[in-house]
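Numbering (full-length UniProt numbering), first residue to last: 1 to 159.
This report concerns only the one structure given below.
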């Protein structure tokens, strides 16, 4: 599944882990903004970089994570991530507790590349509220300009 420049491959879900965690692989296209600044109310996330370099903003801290690095993104703390390089990047995302992985399946039909044209903001807002997600859409142009990112386009493995 692809949402903008972020690939989503489900590996372990709530059913397999007894609800304790989910594991998702994210292929990220070159210079792609994977997720704008957003905050989870219910989940902690851990990003383990497999390939490439991934820029991460957690709160006010910005860093570049490389293969083998693990980045903790606690619930309640705004964060964003992107591919800083001109080649592909891949990361494993551990979400705890499980459940948020279902969010991706719900929003994918409403966003590019599955959906052409403007998204249904009411439907997106309802889904985000259900998952306790706050999204700072105003951060998109800021992050894109600051880090030289593209905002749409599927990751290399999904083209």
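For each residue, glycine too, the CB sits at the ideal point set by N, CA and C.
Please read all numbers here as calculations on a predicted model, not as lab measurements.
Beta-carbon contacts of residue i that lie in its chain and below 6 angstroms, excluding the five residues immediately before and after
i: residue 150; result: 31 and 32
i: residue 86; result: 30
i: residue 172; result: Summary: the structure shown does not reach residue 172, with the chain confined to residues 1 through 159, and so no result is reported for it.
i: residue 127; result: 106 and 107
Proximity below 9 angstroms, CB of residue i to CB of residue j
i: residue 98; j: residue 13; result: yes
i: residue 22; j: residue 49; result: no
i: residue 133; j: residue 110; result: no
i: residue 36; j: residue 139; result: yes
i: residue 2; j: residue 101; result: no
Alpha helix (DSSP H) segment containing residue i, residue limits
i: residue 128; result: 121-130
i: residue 79; result: Run containing residue 79: none in the alpha helix (DSSP H); it sits in the beta strand (DSSP E), 79-83.
i: residue 14; result: 14-17
i: residue 149; result: Residue 149 -> no alpha helix (DSSP H), and no H or E assigned at all.
Residue i classed as buried or exposed, judged by whether at least 16 other C-beta atoms fall within 10 angstroms
i: residue 115; result: exposed
i: residue 143; result: buried
i: residue 141; result: exposed
i: residue 27; result: buried
i: residue 137; result: exposed
i: residue 145; result: exposed
i: residue 129; result: exposed
i: residue 7; result: buried
Chain-order list of residues whose beta-carbon lies under 8 angstroms from that of residue i (same chain, five-residue window excluded)
i: residue 19; result: 97, 98 and 99
N-terminal and C-terminal residue of the beta strand (DSSP E) that residue i is part of
i: residue 64; result: 61-65
i: residue 98; result: That residue, residue 98, is in no beta strand (DSSP E); it is neither H nor E in DSSP.
i: residue 29; result: No beta strand (DSSP E) contains residue 29, which DSSP labels as neither H nor E.
Cut-off 7 angstroms between Cβ atoms - residues of its own chain near residue i, not counting five sequence neighbours on either side
i: residue 67; result: 49, 50 and 51
Taking 8 angstroms as the cut-off, does the region 108-125 touch the region 74-83 (at least 3 CB pairs, one atom from each stretch)? no
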